[in-house]
Amino acid sequence: MTTARTRRLASTWTLGSISAVALFMLYLPVAVLVVFSFNSARTGAVWESFTLDWYRSIPDDRQLMRAISNSLWIALIATPVSTVLATMLALGMEGGRFRGKRSTEQVLNLPIVAPEIITGVSLLAAMSLALRFLNDVLGRGNADAIRFGRPTILLAHIAFDTAFATLIVRASLRNLDPALAEASLDLGATRWQTFWRVILPAIRPGVLGGALMALTLSIDNFVITFFVTGPGSTTLPIEIYARLRRTISPSINAVATLIFAASIVVLVAALFAQALGSAKRKPSAEAPVQGG
Amino acid sequence: MQGLVELRNVTKRFGSHVVVDAMDLRIEGGEFLSLLGPSGCGKSTTLRMIAGLEQPSEGRLSLDGADITDLPPHKRAVNTVFQSYALFPHLSVSDNIAYALRLRRAGRTEIAAQVRDALEMVRMGDHADYFPRQISGGQQQRVALARAIVARPRVLLLDEPLSALDLKLRQAMRLELKRIHRQLGITFVFVTHDQGEALTMSDRVAVMHEGRVLQLDRPEELYERPASRFVASFIGDANLLNAVVARAEGDCVTVKVGNGELPAKCKLSATTGTAITLSVRPQRVKLLQSSGGAATGAAAGPTGVVVEMTFLGDATSAVVRLDGSDQQVTAVRLNVEGVSAFGDLRIGDSVQLACEPTAVHVLVR
Amino acid sequence: MSSPLERREKRLLLALRSPGVLLVVALYLIPMSLVVAYSFLSPAPAGGVRWQWTLDSYRELLRADERASLYNGYVTLLWRSVWWSACATVVTLVLSLPLAVFIAGRRTTFAKNALLVAVVVPFWTSMLVRIYAVRFLLANNGPINGWLDLFGLERRVFLNSPGIVFVGLVYTALPFMVLPLYAAVERVDRNVLSAARDLGANAVQVFFTAFIPLVRVGLVAGCMLVFVLSVSQYLVPTLLGGGKANMIANVIENQFGEAQNWPMGSAIAVTLVALSLMGTLWSVRINSEARS
Amino acid sequence: MSSHRVIKAVLLAIAPVLLIASCANDDGDADGAGSGDAPVTGRCGDESKLGDSLNFYNWADYIDPEVLTDFEAECGVAVTMDTYTSNQELIAKLQAGNSGYSLVIPTDYAAEQIIQSGLAQKLDKSQIPNAKNIDPNQLGFYYDPANEYSLPYQYSTTGIAYNQTAFDTPPTSWSAIFDKNEHCNKSSILDDQYEAVGAALVYLGYEFSSEDPEGHAKARDLLIEAKKCISAFDSANFIGNLASGEVVIAEAWGFAAGIARLDNPDVKFVVPDEGGIMWQDNFMIPSDAPDAYTAHVLINYMLEADVGAKITEFILGFTPNLEAAKLLSDEYTALIEDGGIAVDDEVRKRLTPSEHGSSELFSSTWNAVVTSG
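Chains as they are written, first to last, in numbering that gives the first Met the number 0: chain A, 0 to 291; chain B, 0 to 364; chain C, 0 to 291; chain D, 0 to 372.
Here it is, written out as structure tokens:
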């Protein structure tokens, strides 16, 4: 008994230390980045003195601010749209058997297995053909042509966001007892009512997860976006990449820190919302009996 | 006169697999009808077709004379208690029950009153604000029941609602269901694979097998007069023995089993020499301590050897292998004050079988 | 044949699926078909294609290896990308498994959630920023070398080598492995493992005969995700490899960019996608076998 | 033709999606391009023909951001600038069509490709009176002999930038990078097929734009060897790396060495004895520019003496604008001269223009280098 206990303790320690090492590795670079975003030195690894200059310079940086606003604009539209599409798609896919299900699955797998660079390149090729054709058909000249820009980025983002979010929503749908929906229909709810009153509340963590996934994919995407940008539609990752490639600019450390902080805030908020939701479901002792 | 629910020539196929086969079924208003059969016999599918959760491939369904075949589930005055209970996890007990009423936009006070009544009926009045995952399986089952009856459906469908409960609870719930059925006076259609449940609760039982109703009758009739070998084997325990008609005298026959004969009462006009199947309930098999094959009475019962004795608590069962045959017969006798009613019968003893003519039921093979 | 209700149901599901499926068809299937078509065309002088069918690109893809003496042909590079990715997948797995087991083994939900969030946060932060952080950390004049100096150790060159690219692959892939693994480990019934122990299996035997088969679905899913992500990595070799540890995605980019040879780039891309698809189909088959 | 039908089918399938997207397009307000008869007066041209906004595609960090804000304040045109990091990136965008850019800055060989592919439109010189300020020496290059399509924006050289503290005797030969590199993992070569292969060719005694297969084979082998020692092929981070000391010797552009010098005065530049490259970036207007008129006005604005000086002092290249050159500060001159960046007559002899014929040969050589190792 004691040997079993020590053995378990030992294995917990081993697991724990390996986990600690893995987490440490995961965080060290980011942590260092955060620290150095407050360093006044322009170059190198030497700590000079604490400064907020790099953060202060961000609002005055027009290029950067535009990139941030582009990224937010795209993510804030792409996220809800793709979450709705993904939820619909998940319901449509998990709702039952249908002809061509296998091939549909294959098509839906494409965005997940296709290397980003190939997606980007193929979108560039296809969209430029399509735009040319569209401008011909609509008789649009140089001045008012439809061209690459935020709409094309948005389309591309919605496509891959939807594909990934669908994965998560589908997983939560699969874990759902199909009898729940049937019970609702049986009790007199229409399909629409059933969706809003039963299915959506039940798969809410999945939908929320899908939305979070879409949001971060959108904010984060570099490779695909790079190929479908147009004038004035540079997003934050592309701007960061361009700056990484040119001169030293410690303000990138600051921007990166801000992105990191924002991710944490969004994530914690989401978790908090979920925890709040489940706390609400616990009965309070003094709550009166319904209708009593 | 019309049944409340009628199924006419209803067939359900999944792909090429026929689950329900040209079924005709008539459910009377106010009755407690059980669909009984082994898993995969189509009983649940039948229930789901009545609920509208499954559409028949062929045939029509009607409720109260109106055709409901193409009516979606939410437009049918039929509610279901699901096997998994299917309580909405995000709603409290009272909100679960109020669900159907809210959909009908009933008034607040009315909903509150009806929910309270329903909770009282299932004796869950003090659990209104709990959530499904906070209450036990038995309690969930009651809530599911309350939810299904609160809107007073014409028909209540119960899909093996007791199968997830333990034995004690199951037996208690049988009585509860029976009581609620009496109180409400609505039609219950109850699906189960447990013949005990079906027999104890139902007004009528439909025994199903491979998508067909083999026999639809009152429990006593089913038990005493099974129409087929399958029904006999499925309802209660029965010894099914191959036999041949030895003599026929009016509505009485004597059949030859193993190395002996047994009297039987039957309405069949069986002629001498017909191969038949006998059904004898274990409780009605008598074992006589045979002393060297000395027989009494006109028909000397078959002899055999006891091969197994099992203590069952309130009773003891003995399995006898018939001499000159590989057939086995089980006999059950109640114990008296913990003492085996078989006396000092031991494994290996030779015995002779005897039965009352009314205990032996003849099935045509 | 089917009833009106069933037909309505089918139509509803189709309507739910259609927008998402059409989106993926329009933005993935068709563009990729275009890339497949491009791979059989001739290059135009300043990028783009001439509509002249040829197998030249594929011939070149195979031929480059024969000619290669000092440098690698495409097939060699493709193979290297696959090999590195496979190794990165294994290393990521070895690091992730203890972490997943450790998290799943925490008793309180709070501890579990806190650790999960810790793993997920980097997953939700910009990959670009994280790679940038790694680069910052490991630069010749970076913090790590600064610390080495501090302890009187010799400075080392970390960046711009195949080794660091490999580390980068593992680093970016880690969260993608931990999440599906955790989901699988969480579902494992501890009693089964105890039972295996009772039956006389030692720890190693329990691990390979009971534990691994139980988490196989999550394991295969994680491995597939990491492999597909790694084999087409563009950012990691670009930002950490300095052109000295290029992977196949860099060559594809080079063909579309510098070399302005779209058909060649397409041919390599098609080959890469074919490889990824084969990997996915294989893993899907393994998993469906595991389920049945 | 069947291929045609395929495209049509593809387009028809995508069209509705893009149509929806176009509704969200927010830049449809640019005025039509007009090259009217009235010559430009003042720094903002004819205000009635001037658009509200202009899309400008430029190299990253290749203009003083103040110039654009000043232009907006003075002329009311909001300039949206996007950046690229290679000429090929620019060409790909223009090739795709409807890029939306009205002004681009390609390097000479890229300008040639753009002109030959019909992707540029002729400039209306009557709208660019400041063209008179341009040094005649910087006009009439091979890619546009009559300067019909282009006017020079900025020029500079390609040579070697180094950190003088790392060298006892300053490097004067390409060998310091290619085959006698003493600073392994602290050196870089430009990540560009023409710059890298061209420099190797020059070192080996060939022309910068040589198409000699033997020369290319040698250049390829040389680069593959050099790759083992250098820290990276890099045309982006090397400026910061030179400044921080991460790299002590690098193939570099003259102006880039200047920028690095701002942070680190130890960085110097040299055009090697074997020769270096003189290149020039040019104003060009794409043939499908949405607002050619405003682009002309911006070109003219940037050719103003004060604006030109501002640009050059930011980039630290050389201005082709003779009037602007007069306004350059002493700090600029000192930085350029002390840094070895300035081009005098002696250095000029060693410089050749960046001219390219067959890109196929260069890219196959470069591809071999990229895939090696």
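Ideal Cβ positions, reconstructed from N, Cα and C, are used throughout, including at glycine.
Every value quoted in this text rests on a predicted model; they were computed, and no experiment measured them.
**OP:** Compile a chain-ordered list of the residues in the region 98-109 of chain B whose CB is closer than 7 Å to at least one CB of chain A.
**Re:** 98, 99, 102 and 103
**OP:** Take the Cβ of residue 23/D as the centre, count every other Cβ of all protein chains shown within 10 Å, and call the residue buried at 16 or more, exposed below.
**Re:** Here residue 23/D is taken as the residue at index 24 of the fourth sequence, counted from 1. Low confidence applies to residue 23/D: its pLDDT is 41, below 50, so where it sits in the model is not reliable, and the reading given next is rough at best. Under this definition residue 23/D is an exposed residue.
Original post:
Secondary structure at residue 355/B, three-state DSSP: helix, strand or coil?
Top reply: Within the second sequence, the letter at position 356 stands for residue 355/B. Residue state, collapsed to three classes: coil.
Original post:
Under three-state DSSP, which class holds residue 95/B?
Top reply: Counted from its first residue, the second sequence places residue 95/B at position 96. Helix at residue 95/B.
Subject >> Contact set between the region 8-28 of chain B and chain C, restricted to residues whose Cβ is under 9 Å from the partner >> reply: none
**OP:** Count the other CB atoms, across all protein chains shown, that sit within 10 Å of the CB of residue 176/C; report buried if there are 16 or more and exposed otherwise.
**Re:** Within the third sequence, the letter at position 177 stands for residue 176/C. It is buried - the Cβ of residue 176/C has at least 16 other Cβ atoms within 10 Å.
Original post:
Are the CB atoms of residue 162/A and residue 90/A nearer to each other than 8 Å?
Top reply: Locating residue 162/A in the first sequence gives position 163, where the first residue counts as 1. Locating residue 90/A in the first sequence gives position 91, where the first residue counts as 1. No.
Original post:
Taking Cβ to Cβ, would you say residue 215/D is nearer than 8 Å to residue 360/D?
Top reply: In the fourth sequence, the residue the question calls residue 215/D occupies position 216. In the fourth sequence, the residue the question calls residue 360/D occupies position 361. Against a cut-off of 8 Å, the Cβ pair of residue 360/D and residue 215/D comes out as a contact.
Original post:
How about residue 92/A and residue 49/C: are their beta carbons less than 8 Å apart?
Top reply: On the first sequence, residue 92/A is found 93 positions in, with the first residue counted as 1. On the third sequence, residue 49/C is found 50 positions in, with the first residue counted as 1. Not a contact, by the Cβ cut-off of 8 Å.
Original post:
Is it the case that the Cβ atoms of residue 344/B and residue 305/B are separated by a distance below 8 Å?
Top reply: Sequence index remark: in the second sequence, residue 344/B carries index 345 (1-based). Sequence index remark: in the second sequence, residue 305/B carries index 306 (1-based). Taking 8 Å as the Cβ cut-off, residue 344/B and residue 305/B qualify as a contacting pair.
**OP:** With DSSP as the reference, label residue 248/D as helix, strand or coil.
**Re:** As a position in the fourth sequence, residue 248/D is number 249, starting the count at 1. Looking at residue 248/D - three-state DSSP - the assignment turns out to be strand.
Original post:
With a cut-off of 8 Å, does the C-beta of residue 4/C fall near any C-beta of chain B?
Top reply: Position 5 of the third sequence holds residue 4/C. Residue 4/C counts as touching chain B.
Original post:
Under a Cβ-count criterion, where at least 16 other Cβ atoms within 10 Å of its own Cβ denotes burial, should residue 73/D be classed as buried or exposed?
Top reply: As a first step, residue 73/D is located in the fourth sequence; it is residue number 74 there, counting from the start. Its Cβ having fewer than 16 others within 10 Å, residue 73/D is exposed.
Subject >> DSSP-derived helix/strand/coil call for residue 220/A >> reply: Numbered from its first residue, the first sequence carries residue 220/A at position 221. Reduced to three states, the DSSP call for residue 220/A is coil.
Original post:
Between residue 230/A and chain D, is there a C-beta pair that is closer than 8 Å?
Top reply: Stepping through the first sequence from its first residue, residue 230/A is reached at position 231. True, the Cβ-Cβ gap to chain D drops below 8 Å.
Subject >> Contacting residues, own chain, Cβ-Cβ under 6 Å from residue 82/B (five flanking each side not counted) >> reply: Counting from 1 along the second sequence, the entry for residue 82/B is found at position 83. Excluding residues within five positions, the ones whose Cβ falls inside 6 Å are 158 and 159.
Original post:
When burial is assigned at 16 or more other CB atoms within 10 Å of the CB, is residue 278/B buried or exposed?
Top reply: Counted from its first residue, the second sequence places residue 278/B at position 279. Buried.
**OP:** Just tell me which of 90/D, 246/D, 69/D and 156/D has its CA closest to the CA of residue 184/D.
**Re:** Here residue 184/D corresponds to residue number 185 of the fourth sequence, with the count starting at 1. The shortest C-alpha separation from residue 184/D is found at 246/D.
Original post:
Within 10 angstroms of its Cβ, does residue 182/B collect 16 or more other Cβ (buried), or is it exposed?
Top reply: In the second sequence, residue 182/B corresponds to position 183, counting from 1. Exposed, because fewer than 16 other Cβ atoms sit within 10 Å of the Cβ of residue 182/B.
Original post:
Hey, out of 363/D, 346/D and 179/D, whose CA is closest to residue 380/D's CA?
Top reply: An answer regarding residue 380/D cannot be provided, because it is not within the stretch 0 to 372 covered by chain D.
Original post:
Is there a Cβ from chain A that is less than 8 Å from the Cβ of residue 229/B?
Top reply: Residue numbering aside, residue 229/B sits at position 230 when the second sequence is read from its first letter. Chain A, which has no Cβ nearer than 8 Å to the Cβ of residue 229/B, makes this no.
**OP:** May I have the straight-line CA-CA distance separating residue 236/C from residue 164/C, to the nearest angstrom?
**Re:** Locating residue 236/C in the third sequence gives position 237, counting from the first residue. Locating residue 164/C in the third sequence gives position 165, counting from the first residue. So the two alpha carbons sit approximately 6 Å from each other.
Subject >> Status (buried if at least 16 other CB within 10 Å, exposed otherwise) for residue 272/B >> reply: The residue given as residue 272/B occupies position 273 in the second sequence. Exposed, because fewer than 16 other Cβ atoms sit within 10 Å of the Cβ of residue 272/B.
**OP:** From the DSSP output, read off the bridge partner residues of residue 351/D.
**Re:** Numbered from 1 along the fourth sequence, position 352 holds the residue referred to as residue 351/D. DSSP lists 276/D as partners of residue 351/D.
Original post:
If you draw a straight line from the C-alpha of residue 88/A to the C-alpha of residue 118/D, how long is it?
Top reply: Against the first sequence, residue 88/A aligns to sequence position 89. Against the fourth sequence, residue 118/D aligns to sequence position 119. One C-alpha to the other measures close to 43 Å.
Subject >> Identity of the residue in 120/B, 237/B and 34/B nearest residue 318/B by Cα >> reply: The residue labelled residue 318/B in the question sits at position 319 within the second sequence. Out of 120/B, 237/B and 34/B, 237/B has the C-alpha closest to the C-alpha of residue 318/B.
**OP:** Tell me whether residue 71/C is buried or exposed, calling it buried when 16 or more other Cβ atoms sit within 10 Å of its Cβ.
**Re:** The residue given as residue 71/C occupies position 72 in the third sequence. So residue 71/C ends up on the buried side.
Original post:
Using a beta-carbon distance below 8 Å, is residue 264/C in contact with chain D?
Top reply: Along the third sequence, one-based indexing puts residue 264/C at 265. Residue 264/C does not count as touching chain D.
Original post:
For the region 240-258 of chain C, which residues have a beta carbon sitting closer than 9 Å to at least one beta carbon of chain D?
Top reply: If the cut-off is 9 Å between Cβ atoms, the region 240-258 of chain C has 240, 241, 242, 243, 244, 245, 249, 250, 253, 254, 255, 256, 257 and 258 near chain D.
Original post:
With 16 as the cutoff for other CB atoms within 10 Å, does residue 49/B come out buried or exposed?
Top reply: On the second sequence, residue 49/B is found 50 positions in, with the first residue counted as 1. Classification for residue 49/B: buried.
Original post:
Quick one: what does DSSP say residue 167/C is sitting in, helix, strand or coil?
Top reply: Taking the first residue of the third sequence as position 1, residue 167/C is located at position 168. The answer is helix: DSSP assigns residue 167/C an H, G or I state.
Subject >> Those runs of the beta strand (DSSP E) which lie wholly inside the region 287-345 of chain B and span at least 3 residues >> reply: Secondary structure remark: continuous beta strand (DSSP E) runs of at least 3 residues inside the region 287-345 of chain B, in chain order: 302-310, 314-321 and 327-333.
Original post:
Which first and last residues belong to the alpha helix (DSSP H) in which residue 131/D is found?
Top reply: Here residue 131/D is taken as the residue at index 132 of the fourth sequence, counted from 1. Taken as a continuous stretch (DSSP letters only), residue 131/D belongs to no alpha helix (DSSP H), as it is neither H nor E.
**OP:** Check the Cβ of residue 165/D against every Cβ in chain C and list those closer than 9 Å, keeping chain order.
**Re:** Your numbering for residue 165/D matches position 166 in the fourth sequence. The premise fails here: residue 165/D is roughly 13 Å from chain C at the closest Cβ pair, so nothing lies under 9 Å.
Subject >> Neighbourhood of residue 172/A by C-beta, 6 Å cutoff - its chain only, sequence neighbours within 5 removed >> reply: Reading the first sequence from its first residue, position 173 is the one you call residue 172/A. So the list reads 89, 93 and 202, once near-sequence residues are dropped.
Original post:
Quick one: is residue 204/D near chain A, going by C-beta distance under 8 Å?
Top reply: As a working note, residue 204/D is residue 205 in the fourth sequence. False, the Cβ-Cβ gap to chain A never drops below 8 Å.
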